[in-house]
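Residue numbers (my numbering), protein chains in the order written: chain A, 1 to 129; chain Y, 1001 to 1129.
Ideal placement from N, C-alpha and C gives every residue a C-beta, glycine not left out.
Single-structure report; data block below.
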């Protein structure tokens, strides 16, 4: 079953109380995972329609792996699952925000979160925090 | 001047201390803006190379407007600027996280942040928080 399409009037899309996700040309929507307790941003990933539906139905964060081109139940292999506390959608509904309880590391490098390097604006070097 | 290209070895890209942003086929990278004080997620937008460079050079969040197809200095028209406190990059460098001090509303609807609706997983209705 497909989701309802986005409303053509932008202001209506901003204010509707209906879920009408706006997938991009590749059929994807951006998904930010944020730690529900600390508000730390854990990762940014992508969902297709099936991933968004699975996330809502199972309460377990499920993404679309662009590299593997397959549905990706987060932590299915690693055990590093994300229990979904809340899912929010942005104004034009082309991005979702998952508030999650993360088991273990969110990042495939073994770090808690993917955003572990800060850019020095002068030198453009990265430093790990 | 262009940024250095991403490293072909994925593990090297994850660990390098060089800024090597990975732009998508449209030349864009996802940018999350987070309130530096409250950690609230304000918005998700896009940057091309010029926008990322301008953000780093000016300390004022600058995005690429996909609808207008032009560089978008956040708040240039509305006054709702974002002073950049810190810019982080994720593991594979295809997303950046801006920690910002937001003046006024981040969302074009006049709300503080764009993620103002929660999805009810059972009914798929949105409720405003």
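Using the beta-carbon count (16 or more within 10 Å), is residue i buried or exposed?
| i | result |
| --- | --- |
| residue 122 of chain A | exposed |
| residue 117 of chain A | buried |
| residue 1021 of chain Y | buried |
| residue 1025 of chain Y | exposed |
| residue 102 of chain A | buried |
| residue 1037 of chain Y | exposed |
| residue 1012 of chain Y | exposed |
| residue 944 of chain Y | Given that chain Y is displayed from residue 1001 to residue 1129, the structure contains no residue 944 of chain Y and the question cannot be resolved. |
| residue 1050 of chain Y | exposed |
| residue 1079 of chain Y | exposed |
| residue 128 of chain A | exposed |
| residue 14 of chain A | buried |
| residue 1008 of chain Y | exposed |
| residue 1055 of chain Y | buried |
Where DSSP assigns a beta bridge to residue i, which residues make up the other side?
| i | result |
| --- | --- |
| residue 1149 of chain Y | With chain Y running from 1001 to 1129 in the structure shown, residue 1149 of chain Y is simply not present. |
| residue 16 of chain A | Beta-bridge pairing links residue 16 of chain A to no other residue. |
| residue 127 of chain A | A:118 |
| residue 35 of chain A | A:100 |
| residue 130 of chain A | Residue 130 of chain A cannot be examined here, being either before or after the span of chain A that is shown, 1 to 129. |
| residue 1030 of chain Y | Y:1046 and Y:1095 |
Give me, in chain order, the residues of the same chain whose beta-carbon lies closer than 7 angstroms to that of residue i; leave out the 5 immediate sequence neighbours on both sides.
| i | result |
| --- | --- |
| residue 1073 of chain Y | 1060 and 1062 |
| residue 83 of chain A | 59, 60, 100 and 101 |
| residue 975 of chain Y | There is no way to answer for residue 975 of chain Y, as the model of chain Y reaches only from 1001 to 1129. |
| residue 1066 of chain Y | 1046 |
| residue 947 of chain Y | No information on residue 947 of chain Y is available, as it lies outside the stretch 1001 to 1129 that chain Y covers here. |
| residue 85 of chain A | 36, 99, 100 and 101 |
Here's a check: name, in chain order, each residue in its chain whose Cβ is nearer than 8 angstroms to the Cβ of residue i, leaving out the five neighbours to either side.
| i | result |
| --- | --- |
| residue 1019 of chain Y | 1003, 1004, 1089 and 1093 |
| residue 111 of chain A | 105 |
| residue 77 of chain A | none |
| residue 96 of chain A | 21, 29, 30, 31, 32, 47, 52, 87, 88, 89 and 90 |
| residue 10 of chain A | 92 |
| residue 1120 of chain Y | 1126 and 1127 |
By Cβ distance, which residues of its chain are closer than 6 angstroms to residue i, with the 5 residues on each side in sequence left out?
| i | result |
| --- | --- |
| residue 1114 of chain Y | 1043 and 1107 |
| residue 1048 of chain Y | 1027, 1028 and 1064 |
| residue 53 of chain A | none |
| residue 23 of chain A | 29 |
What residues from chain C crowd round residue i, counting only those whose CB sits closer than 8 angstroms?
| i | result |
| --- | --- |
| residue 87 of chain A | In summary, chain C is missing from the structure at hand, where the protein chains are A and Y. |
Q: May I have a chain-ordered list of the alpha helix (DSSP H) segments no shorter than 4 residues that lie completely inside the stretch 40 to 77 of chain A?
A: 49 to 58
Q: Kindly confirm or deny that the stretch 25 to 44 of chain A and the stretch 1029 to 1039 of chain Y touch, where touching means at least three C-beta pairs closer than 8 angstroms.
A: yes
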